[in-house]
Amino acid sequence: MTSPFLARWGVSLVAFGVLLCITVLYFSAHPLYLALSAISDGAVRHFPFGDLAAILQAGKCWGQGVNVYAPNSCMGGGEFNYSPLMLHVFWLLHLQPSWSFLCGLALGGVYCVALGWLPPAGSWRELALRLASAISPASYFAIEQANIDVFLFVMLTGAVWLLSRSLAWRMGGYGLILTGFLLKFYPVAMLPLAMREKRSHFSAGAAVSLCVGTLFLAYFYHGIVAAIATLPISDPFINTFGAINLSSGLLTLYAGSGHATPQWLAYNIPWFNVPHAIWVPQPDIRLCQDACIVAWAMLTWRRGQIPLAELNSGEPLFLEASALLISVCFLLASNLSYRAIYLSLAVPGLWRLRKTYRPAYGLLAILVFELWEAPIRDFFQALDHVLHAGPGPALLFWLAREVLWWWLAAGLLRIVLAFAILHLGRLLAGKIDAIKLEA
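Residue numbers for the sequence shown, in this note's numbering: 452 to 890.
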């Protein structure tokens, strides 16, 4: 690209323009805004930033002595399923639910800025691909709800940016990752990035992380257990992703056709007050399917070595961070689609690898497809309704979506494995840190 400014900030500028246009639509063309709000999951939302308003309300209710980890009238019958530390932060900052609109707009603006922290694009095609991931329906869903994952995306993107700097800045980056863990647990998946450090720094960081984690668990134990107990398992047929989706969906279809499902295999949960609507595999079955995808990645990772040396400064970190976050979330949880925004961090590295690592093309294509699957899913569901075909085309699309998610997760796990073997070997050998190796 001829313009260094556009190479770095082009996606941010377009994303900010989209945010501005949607804000204008909300005030001047509300019916069109309502149509846009339903793209991700079909639910029309009259007001934006609903997730942010809900967690701010939870902080207010908690400050009034309400047990927010159980359904309560203060939260309109809802419950809180995030870290108890978040409640303390909101209460100490005196954040009010009435501030959700301004805070949501600010969060959207900071998200746009964070997109510029990625390595500069090398071509217009790469810029277009990054733009497709940054303003996808999944990204729009995250911003429109002002979900806390957007805040964590900004925090963790900033952390990765810091990890390519000097030691003092890198320590700040690890501090941000640790803070993300304290706020919503899953950012702990990024701590293996510390394997890039030399052995003394890695050991010190591991000790600090262990101490902080132990103190956090000891002080907030009951709140952490309550939060984990309330983590939802979502309908596998809506805008969700996770290894559990495929097995849960197939079990639900099997039970819905009138067959008896053995209790050792699965259990059923209510969904929107409809009893026995969703069937979920038992924990040991889930563990087996997770083991299968990890084994698949391990058995196939040598099939075409990943040329990590071809990545430019910053690209390895963003690729590894994305692979770690998405892989862990895919294996361990049922995630709403807004968490897929971390896929955009992998785009620079995969684009750089595409010429010498052939699977990178497929991973990029699947990545963009999964970020944009919502309107395609809506189309097939509407087609089912018009043709009175039952779940025919929509079901086939769902199966394709889930198979592609498994393929993408296996590809990201292979990347995690390649980085782990590289850094673990260097770490055990006591060589200098990876920052110097990349210089």
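Note that beta-carbon positions come from the ideal geometry of N, C-alpha and C, so glycine has one too.
Quiz item: CB-CB under 7 Å to G623, same chain, minus the five flanking residues each way: which ones, in chain order?
Solution: For the purposes of this step, residue 623 is taken as the residue at position 172 of the sequence shown. Result list for G623: L613, in chain order.
Practice problem: Return the CA-CA distance between H874 and E766, expressed in angstroms with no decimal places. | Solution: Within the sequence shown, numbered from 1, the residue matching residue 874 stands at position 423. Within the sequence shown, numbered from 1, the residue matching residue 766 stands at position 315. The C-alpha of E766 is placed about 16 Å away from the C-alpha of H874.
Quiz item: For the alpha helix (DSSP H) that contains D829, what are its first and last residues?
Solution: Numbered from its first residue, the sequence shown carries residue 829 at position 378. D829 -> alpha helix (DSSP H) spans E824 to L838.
Quiz item: What residue range is occupied by the uninterrupted alpha helix (DSSP H) comprising R581?
Solution: Locating residue 581 in the sequence shown gives position 130, counting from the first residue. Counting along the chain, the alpha helix (DSSP H) containing R581 begins and ends at W575 to A585.
Exercise. Enumerate in chain order the residues of its own chain whose CB-to-CB distance from V517 is below 6 Å, with the five nearest sequence positions on each side excluded.
Key: Along the sequence shown, read from residue 1 onward, the residue named residue 517 stands at position 66. The beta carbon of V517 is closer than 6 Å to those of N523 and C525 in its chain, skipping five residues each way along the sequence.
Quiz item: Alpha carbon to alpha carbon, what distance is there between G664 and A466?
Solution: Along the sequence shown, read from residue 1 onward, the residue named residue 466 stands at position 15. Along the sequence shown, read from residue 1 onward, the residue named residue 664 stands at position 213. Their Cα atoms are separated by approximately 36 Å.
Quiz item: In chain order, what residues of the same chain have a beta carbon less than 8 Å from the beta carbon of L868, not counting five sequence neighbours either side?
Solution: The residue labelled residue 868 in the question sits at position 417 within the sequence shown. The residues are A748, M749 and W752.
Self-check item: Secondary structure of F531, DSSP reduced to three states
Solution: Here residue 531 is taken as the residue at index 80 of the sequence shown, counted from 1. F531: coil per DSSP, three-state reduction.
Quiz item: For G674, which residues of its own chain have a beta-carbon under 6 Å away from its beta-carbon, when the five flanking residues on both sides are left out?
Solution: The residue given as residue 674 occupies position 223 in the sequence shown. Within the same chain, and ignoring the five residues on either side of G674 in sequence, the residues whose Cβ sits closer than 6 Å to its Cβ are P535.
Quiz item: Which class does N523 belong to by DSSP, given the choice of helix, strand or coil?
Solution: Looking up residue 523 in the sequence shown gives position 72. Reduced to three states, the DSSP call for N523 is coil.
Exercise. State the DSSP-derived secondary structure class of W802, mapped to helix, strand or coil.
Key: One-based indexing of the sequence shown puts residue 802 at position 351. Here W802 sits in helix by DSSP.
Quiz item: Is P713 helix, strand or coil by DSSP?
Solution: For the purposes of this step, residue 713 is taken as the residue at position 262 of the sequence shown. DSSP, reduced to helix, strand and coil, places P713 outside both helices and strands of the structure shown, so it counts as coil.
Quiz item: Does any residue of chain D bring its CB to less than 7 Å from the CB of A706?
Solution: The structure shown has no chain D; it contains just one protein chain.
Quiz item: Is the segment 694 to 707 close to the segment 564 to 584, with three or more CB pairs under 8 Å?
Solution: In short, these stretches do not touch, since the Cβ pair count stays below three.
Quiz item: Between F667 and L553, what straight-line distance do the alpha-carbon atoms span, to the nearest angstrom?
Solution: The residue given as residue 667 occupies position 216 in the sequence shown. The residue given as residue 553 occupies position 102 in the sequence shown. Distance between the alpha carbons of F667 and L553: 31 Å.
Exercise. Could you tell me whether the Cβ atoms of I827 and L859 are closer together than 7 Å?
Key: Residue mapping note: residue 827 aligns to position 376 of the sequence shown, counting from 1. Residue mapping note: residue 859 aligns to position 408 of the sequence shown, counting from 1. No, they are not a contact pair.
Practice problem: Assign L888 to buried or exposed, taking buried as 16 or more other Cβ atoms, counted over all protein chains shown, within 10 Å of its Cβ. | Solution: As a position in the sequence shown, residue 888 is number 437, starting the count at 1. Only weak support is given to the placement of L888: the predicted model assigns it a pLDDT of 45, under 50, and the value that follows is read from those uncertain coordinates. Burial call: exposed.
Practice problem: Out of P638, H481, V837 and V676, state which residue places its alpha-carbon closest to the alpha-carbon of F531. | Solution: Looking up residue 531 in the sequence shown gives position 80. Comparing Cα positions, the closest option is V676.
Quiz item: Since F604 contacts I792 with CB under 8 Å, what's their CB separation in whole angstroms?
Solution: Indexing the sequence shown from 1 puts residue 604 at position 153. Indexing the sequence shown from 1 puts residue 792 at position 341. Between I792 and F604 the Cβ distance is about 5 Å, and since that is below 8 Å, they are a contact.
Practice problem: Starting from W730, follow its DSSP beta bridges and name the residues at the other end. | Solution: Here the question's residue 730 lines up with position 279 in the sequence shown. Partner(s): N719.
Quiz item: If you follow the alpha helix (DSSP H) that S685 is part of, which residue opens it and which one closes it?
Solution: For this step, residue 685 is matched to residue 234 along the sequence shown. For S685, no alpha helix (DSSP H) run applies, since DSSP gives it neither H nor E.
Practice problem: Pick helix, strand or coil for F541, following the three-state DSSP scheme. | Solution: Numbered from 1 along the sequence shown, position 90 holds the residue referred to as residue 541. Helix.
Quiz item: Taking buried to mean at least 16 other C-beta atoms within 10 Å of its own C-beta, is D735 buried or exposed?
Solution: To locate residue 735, count along the sequence shown from 1; it is residue 284. So D735 counts as exposed.
Quiz item: Do you know offhand how far A680's Cα is from L822's?
Solution: In the sequence shown, the residue the question calls residue 680 occupies position 229. In the sequence shown, the residue the question calls residue 822 occupies position 371. Taking the straight line joining both Cα atoms gives about 28 Å.
Quiz prompt | Sequence-distant residues of its chain with Cβ nearer than 7 Å to Q740 (five each side left out) | solution = Looking up residue 740 in the sequence shown gives position 289. For Q740, the CB contacts under 7 Å within the same chain, skipping 5 residues up- and downstream, are A694 and S698 in chain order.
Quiz item: For G876, which option in M646, V659, F848 and T807 has the closest C-alpha, if you only look at C-alpha atoms?
Solution: Position 425 of the sequence shown, counted from the first residue, corresponds to residue 876. Out of M646, V659, F848 and T807, the CA that lies nearest to the CA of G876 is found in M646.
Quiz item: Using CA coordinates, which residue listed in A557, A585, S617 and E577 is at the minimum distance from I599?
Solution: Taking the first residue of the sequence shown as position 1, residue 599 is located at position 148. Looking at the Cα atoms, A557 is the closest of the given residues.
Quiz item: Nearest to S549 by alpha carbon, out of S584, L864, A505 and Y562?
Solution: Residue 549 sits at position 98 when you count from the first residue of the sequence shown. Residue A505 is the option with its Cα nearest to S549.
Quiz item: Can the beta-carbon of G631 be found less than 7 Å from the beta-carbon of L607?
Solution: As a working mapping, residue 631 is identified with position 180 in the sequence shown. As a working mapping, residue 607 is identified with position 156 in the sequence shown. Contact: yes.
Exercise. Name, in chain order, the residues that DSSP records as bridge partners for F692.
Key: Position 241 of the sequence shown, counting from 1, holds the residue named residue 692. F692 is bridged by DSSP to N786.
Exercise. Evaluate K806 with the Cβ neighbour count: other Cβ atoms within 10 Å of its Cβ, from every protein chain shown; 16 or more gives buried, anything less gives exposed.
Key: By 1-based counting over the sequence shown, the position of residue 806 is 355. It is exposed - the Cβ of K806 has fewer than 16 other Cβ atoms within 10 Å.
Quiz prompt | W515, DSSP secondary structure in three states | solution = What you label residue 515 is simply residue 64 of the sequence shown in a count that begins at 1. Just to set this straight, residue 515 is Gln in the shown sequence, not Trp. In the structure shown, Q515 adopts coil according to DSSP, grouped into three states.
Quiz prompt | Ordered list of alpha helix (DSSP H) runs contained in the segment 571 to 658, each at least 4 residues | solution = Counting only runs of 4 or more, we get 575 to 585, 588 to 596, 599 to 613 and 618 to 635.
Exercise. Examine the Cβ distances between the segment 778 to 789 and the segment 755 to 765 and report whether three or more of them are shorter than 8 Å.
Key: As far as the Cβ criterion goes, the segment 778 to 789 does not touch the segment 755 to 765, which means the pair count is below three.
Exercise. Measure the CB-CB distance between D502 and A597 and report whether it falls below 7 Å.
Key: Stepping through the sequence shown from its first residue, residue 502 is reached at position 51. Stepping through the sequence shown from its first residue, residue 597 is reached at position 146. The answer is yes: Cβ separation under 7 Å.
Quiz prompt | Sequence-distant residues of the same chain with beta carbon closer than 7 Å to Q508, five excluded per side | solution = On the sequence shown, position 57 is the one that residue 508 refers to. Here the set comprises M526 and P548.
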